[in-house]
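Participant: Take this structure, written in structure tokens, and hold onto it; I'll ask about it next.
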Amino acid sequence: MQLRTRAMLAGVAVAALGLAGCSNDAAPSAPAAGGGGAGAPPAAAANCPLASAPDPGNSAPPTGVPMASGAPKLEAKPTYKVAFSQNASNNPWRLAETASMQDEATKLGYQLTVTDANNDQSKQIQDIKGLIAQKPDAMFVAPITEQLGNVVAEAAGAGIPVFLLDRNVDPAAAKPGEDFVTVIVSDFVQQGKRAAWAMAQATGGNATIIELEGTTGSSPAIDRKKGFDETITQCPGLQVVVSQSADFTRADGQEVTETLLQSHPDATAVYAHNDEMALGAIAAIRAAGKVPGQDIKVVSIDGSRDALTAVDAGDLYTSVESNPRFGPKAFETMKQYAEGQVPVKLVLEDRLFNKANAAQNIESAY
Ligand code: AHR
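Numbering-wise (our numbering), the sequence shown opens with residue 6 and increments by one.
Rendered as structure tokens:
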């Protein structure tokens, strides 16, 4: 576990929300502000403190998180039969997460069954019910939306300790520490704040923004929107003129951006909740005869290989990392739970990629 010092925003009220503190196999610190996009940095608007502030960094380490006390227990033993309900395999991020889980299970000699819900909520509910019937020792779930609480609670009711990965569920339907052991996530609100900061850096604090939202009802879509939208209010020149879901996919990102560029030809920036949608947006910007990185600045979240390549090329200004390599942290947490107790929420730390460090991270990206 590695804690990183949080960079403070000098004189700027970007408050750190919630929890942070555990790192998985991501490591190095964020680069200095700036760098990215083509040409000289834009002049910072006087009324946009974000444009001259440092990277807000990760949120503060968690305090006062209760331990999981009411969830089904897990016996400590040398090997386990484990299940993982993945919500989709339609982008590099999901594939990297699944591969990380499989690699770690193999390393530990555990038997892992993986299901793929194909981005379909009703299929994921059926997948989880099928996995419950197989009576695994423990189950990992990466829920499509926050509406998966009931079926998560059903698994707990069947005596299976559930560990949520990368997305959360509505606590009204599944109580943390009881209906599931813990949720291991990035701080999506903070990612949105860092994306807002990057947008201010890219544009000097003046931009007409198209926002591409992730899957409706998913915790990253909800929280990345919240963090970004709240933070840009510090800069009156940063205005989101339209915000629409493109379902976290490249194809939808391209199609939605094509349409929105027609209704908003004055747009000068795109904020995409993930890299795949940003890459689709970059294709749409080109198709509209504009130059990504110059006519329209693009900021996104994830840190995929294609995104880092786009950052290096100047098409994408910044990708805030959302590390998908959950395997080591997921299984370490499961073992800790078998041997004692774990907090009901674990928050990972993420890096930030821009022109200053993209090239050197392309090879190790997914
Ligand atoms: O839950 C994390 C998000 O889900 C990633 O940003 C996205 O690419 C994925 O589909």
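Even for Gly, the Cβ is constructed at its ideal location relative to N, Cα and C. In this text, all values refer to a predicted model and were calculated from it rather than measured experimentally.
#1: Using only the heavy atoms of ligand 1, determine whether one of them is closer than 7 Å to the beta carbon of E281.
#2: Short of 8 Å in beta carbon distance, which residues of its chain neighbour N173, apart from the five on each side in sequence? Order them along the chain.
#3: Is the separation between the beta-carbon of M144 and that of L217 shorter than 8 Å?
#4: Quick one: grab the DSSP three-state call for N362.
#5: How is the beta strand (DSSP E) around L153 delimited, first residue to last?
#6: Need the endpoints of the alpha helix (DSSP H) that T221 sits in, please.
#7: Quick one: does the C-beta of I189 sit closer than 7 Å to a heavy atom of ligand 1?
#8: Report the option in D142, A122, L100 whose CA atom is closest to the CA atom of P83.
#9: Closer than 7 Å: is that where the CB of N173 sits relative to any heavy atom of ligand 1?
#10: Taking the alpha-carbon of V167 as reference, which of A81, H278, I133, V247 has the nearest alpha-carbon?
#11: Between the C-alpha atoms of A88 and L117, what's the straight-line distance to the nearest angstrom?
#12: If we ignore side chains and look at the alpha-carbon of each, how far apart do V146 and E102 end up?
#13: Which first and last residues belong to the beta strand (DSSP E) in which L55 is found?
#14: In terms of DSSP beta bridges, what is P348 paired with?
#15: If I measure Cβ to Cβ from A35 and keep anything under 7 Å in the same chain, skipping five residues before and after, which residues do I get?
#16: For P348, count neighbouring Cβ atoms within 10 angstroms of its own Cβ and tell me buried if that reaches 16, exposed if not.
#17: Applying the criterion that 16 or more other CB atoms from any shown protein chain within 10 Å of the CB defines a buried residue, is Q139 buried or exposed?
#18: For F193, report the span of its alpha helix (DSSP H) as first-last.
#19: Is DSSP giving D307 helix, strand or coil here?
#20: Tell me which same chain residues have a C-beta within less than 8 Å of the C-beta of V316, skipping the five on either side of it?
#21: Pairing CB atoms from the segment 93 to 109 with CB atoms from the segment 68 to 83, are three or more of them under 8 Å?
#22: Any heavy atom of ligand 1 inside 7 Å of the beta-carbon of P148?
#23: Short of 8 Å in beta carbon distance, which residues of its chain neighbour C207, apart from the five on each side in sequence? Order them along the chain.
#24: Could you say which of A335, G345, I367 lies nearest to Y115 if we only look at CA atoms?
Facilitator: Reading it off the structure:
#1: yes
#2: P148, E151, V188, V190, S224
#3: no
#4: coil
#5: No beta strand (DSSP E) contains L153, which DSSP labels as neither H nor E.
#6: Per DSSP, T221 belongs to no alpha helix (DSSP H) and is neither H nor E.
#7: no
#8: D142
#9: no
#10: I133
#11: 5 Å
#12: 12 Å
#13: No beta strand (DSSP E) contains L55, which DSSP labels as neither H nor E.
#14: M72
#15: Per-residue confidence for A35 stands at a pLDDT of 44, beneath the threshold of 50, marking its modelled position as unreliable; the derived number appears in the next sentence. Excluding positions up to five away in sequence, the list reads D60, G62, R356, L357.
#16: buried
#17: exposed
#18: 193 to 208
#19: strand
#20: G41, Y322, T323, S324, F358, N359, K360, A363
#21: no
#22: no
#23: According to the sequence shown, residue 207 is Ala rather than Cys. Result list for A207: G41, G42, P47, A274, K302, V304, Y322, T323, in chain order.
#24: A335
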